[in-house]
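Start counting the sequence shown at 1; every next residue gets the next number (full-length UniProt numbering). In this text, a Cβ means the ideal position worked out from N, Cα and C, and glycines have one as well. This report refers to the structure that appears directly beneath it.
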Amino acid sequence: MPVAFLEPQLNEYNACSVYTTKSPRERAILGLPNSVEEMCPDIPVLERLMADIGGLAESGARYTEMPHVIEITLPMLCSYLPRWWERGPEAPPPALPAGAPPPCTAVTSDHLNSLLGNILRIIVNNLGIDEASWMKRLAVFAQPIVSRARPELLQSHFIPTIGRLRKRAGKVVSEEEQLRLEAKAEAQEGELLVRDEFSVLCRDLYALYPLLIRYVDNNRAQWLTEPNPSAEELFRMVGEIFIYWSKSHNFKREEQNFVVQNEINNMSFLTADNKSKMAKSGGSDQERTKKKRRGDRYSVQTSLIVATLKKMLPIGLNMCAPTDQDLITLAKTRYALKDTDEEVREFLHNNLHLQGKVEGSPSLRWQMALYRGVPGREEDADDPEKIVRRVQEVSAVLYYLDQTEHPYKSKKAVWHKLLSKQRRRAVVACFRMTPLYNLPTHRACNMFLESYKAVWILTEDHSFEDRMIDDLSKAGEQEEEEEEVEEKKPDPLHQLVLHFSRTALTEKSKLDEDYLYMAYADIMAKSCHLEEGGENGEAEEEVEVSFEEKEMEKQRLLYQQARLHTRGAAEMVLQMISACKGETGAMVSSTLKLGISILNGGNAEVQQKMLDYLKDKKEVGFFQSIQALMQTCSVLDLNAFERQNKAEGLGMVNEDGTGEKVMADDEFTQDLFRFLQLLCEGHNNGILQWLPKFYTRGGFLYFRSRKDLKEKLPGI
């Protein structure tokens, strides 16, 4: 039941209280004390809490001296006073019918205005202090009490606070302008200090502007019907702060950082909702469930600095006479030409005669008559200095507001930069970074890398090339399990093979040496191998074991070959051979070794995959390259070969080596014909039947060269 717990002396008038509805005996059965004061003796009364808030505001004490007042007392009063004001002596007539008992609370609008005034004093006392993050929460607590604020608070509290913020904003912006003229080395340190000052300024503005927006909404209609000099002065101050904001890039960026870091929802302050919220450390429950991007949480349209100016803009336009419209347009044009405020004032002084010409039109006579009839407007309409001042102030605000909402309206049609200034700085910073091996901490480690490799890495039994392919590829079972849990990630080995394939397909003239491709081709070739079998002199008991080991090795080879050809290695081999255009080199040698590895053992699946690729693509270049490569192979001279064998038997081999003279490219020739042999291994009928039907010169030469295989290398 609702109870005014801060006013126990009036509880006797509360019809919902237990002390009113129940007898003393019933209260004794429930274990209640005899009076309300004894129920919660530690809760202070309303007058004492209001005195604590007033003392904090008058003394100018810091947050560290009285944190409980800011964190507990102030939020409680901001919630307590509006709730019980609706049931107090100033409540609307329907809430207090005739003949009803006195209200159970004494809360009036004086309490609300006194509390709001003390909050504004607390804000003024803490302006510019670095460690005052709690200030952003004051605007949240005080939202419900602003609706009952009196007009007198404008002159006594709001204008002095805005005046101090305007001076600080002008000071920080002037410091920023001075930094642009200094050297870069000094400007970098000064820019950090200026950003910190802008950050504190944004925090102070966001402590006041939510209250000011609600206060302006409640009093704007009265200010428009009855012109108020204090409201016009408030418009000038808000306009100056907005102009400072629109001129300063750091000011805008720090406001955006403040809104994003504190997860502030500015729309809650711009809508007429008394339950506005600004998160203390995070957003509301609804905001936490949906993560917003940086651009979604903040925009120029929702900036409180821009929104406050728009709220006050009718007050500023109400200052101007109907004949000032042409002068405002001319002044905006001068601002677009980059004129200063002094130059615009001088221009307006020289063109005041235009106002007299417009005033003579019949359509504006009655408007000027109404304007002169407003109290205080007759002197303003005839004073040239006041005319120039108000036209210059309003035109400056309108010009910068138009530039803010339409930033590219007055600019030429140019290509927008794809890389922002912030990202460009990040890229330049990456170029300037010191490599890891040049850092003092890691420089000494470089001395021990060779010893570490010789002592630890080279002594390992397993091949690191095998492990590398295992790391780049995943097992089928693991992929299926991961697909159910999360999205499938790209396969690094498949991406690598795809990159090499595209490189081969885009080669037009010849295949350049790619050391990265040759390194990975050798690694993939080494990953597919068969270990040597047991010796011939093994016992019969070990024959079965050796057969099982051979079968395991065969299955392992098939798995390793399947791991490569499923990722496109077979097609890559054919594409690389086609791209070589029949020219020998290290690239072709690495490709042939890789093709031999994935075809080793007569892998029918790889053979079929290569056959399908040649059929689908009608790959003429492959046969032309094979024919050209076979023509470059040298034929074995049997006489020279026999002389070499005799010389080796007699120990008469020269240092130069006759073997090189007999057949210099024997290794390449063996790899080439070994690849062709494995391509048709096991009498693959598909390849043997299709190749003769391929009506190309390359296919014919391929078969003619296969018939000369024994002549080239009798030992194969």
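query                                                                                                     : result
6 Å CB neighbourhood of residue 579 in its chain, flanking five on each side removed                      : 504, 507, 511
Range of the contiguous alpha helix (DSSP H) that encloses residue 393                                    : 384 to 405
Exposure of residue 158, with buried meaning 16 or more beta-carbon neighbours within 10 Å                : buried
Local Cβ density within 10 Å of residue 612, reported as buried at 16 or more and exposed below that      : exposed
Per-residue burial, residue 324 [other beta carbons within 10 Å of its own, 16 or more giving buried]     : buried
The region 46 to 55 touching the region 103 to 117, judged by at least three CB pairs closer than 8 Å     : yes
Given residue 321 as reference, the closest of 301, 242, 82, 388 once Cα atoms are compared               : 388
Three-way DSSP call (helix, strand, coil) for residue 52 in this model                                    : helix
Below-8 Å beta-carbon distance, residue 387 vs any chain B residue                                        : Absence of chain B from the displayed structure is noted, only one protein chain being present.
CB contact flag (residue 629, residue 595, <8 Å)                                                          : no
Distance CB(residue 717)-CB(residue 7) smaller than 8 Å                                                   : Look at the range of the chain in this structure, 1 to 716, and you will see that residue 717 is not part of it.
Residue 143 vs residue 89 beta-carbon contact at 8 Å                                                      : no
Counted within 10 angstroms of its Cβ, other Cβ atoms place residue 271 as buried (16 or more) or exposed : exposed
Limits of the alpha helix (DSSP H) - the one that residue 63 falls within                                 : Neither: residue 63 is in no alpha helix (DSSP H) and is coded neither H nor E.
Euclidean distance between Cα positions of residue 434 and residue 441                                    : 12 Å
Three-state class that DSSP yields for residue 8 in the structure shown                                   : helix
Contact belief for residue 207 with residue 135 at Cβ below 8 Å, rounded distance in angstroms            : 4 Å
The alpha helix (DSSP H) enclosing residue 610, as first and last residue numbers                         : 604 to 617
Cβ-Cβ distance between residue 251 and residue 316 below 8 Å                                              : no
Run of the alpha helix (DSSP H) containing residue 626, from where it starts to where it stops            : 620 to 632
For residue 146, the first and last residue of its enclosing alpha helix (DSSP H)                         : 143 to 146
At least 3 beta-carbon pairs within less than 8 Å: the region 21 to 37 vs the region 75 to 88             : no
Status (buried if at least 16 other CB within 10 Å, exposed otherwise) for residue 308                    : buried
Endpoints, the alpha helix (DSSP H) within which residue 235 is located                                   : 229 to 247
Contained alpha helix (DSSP H) runs [length at least 4] in the region 538 to 586, N- to C-terminal order  : 541 to 565, 569 to 579
Three CB pairs or more closer than 8 Å across the region 121 to 137 and the region 60 to 74               : yes
Separation of residue 181 from residue 126, as counted between CA atoms                                   : 32 Å
Inter-residue Cα distance where the pair is residue 13 and residue 83                                     : 17 Å
Burial state of residue 276, where buried means 16 or more other Cβ atoms lie within 10 Å                 : Because the pLDDT at residue 276 is just 42, under 50, the model does not fix this residue reliably, and the point stays unresolved.
Per-residue burial, residue 138 [other beta carbons within 10 Å of its own, 16 or more giving buried]     : buried
Given residue 268 as reference, the closest of 564, 304, 242, 675 once Cα atoms are compared              : 304
Residue 681 to residue 561 span [Cα, whole Å]                                                             : 16 Å
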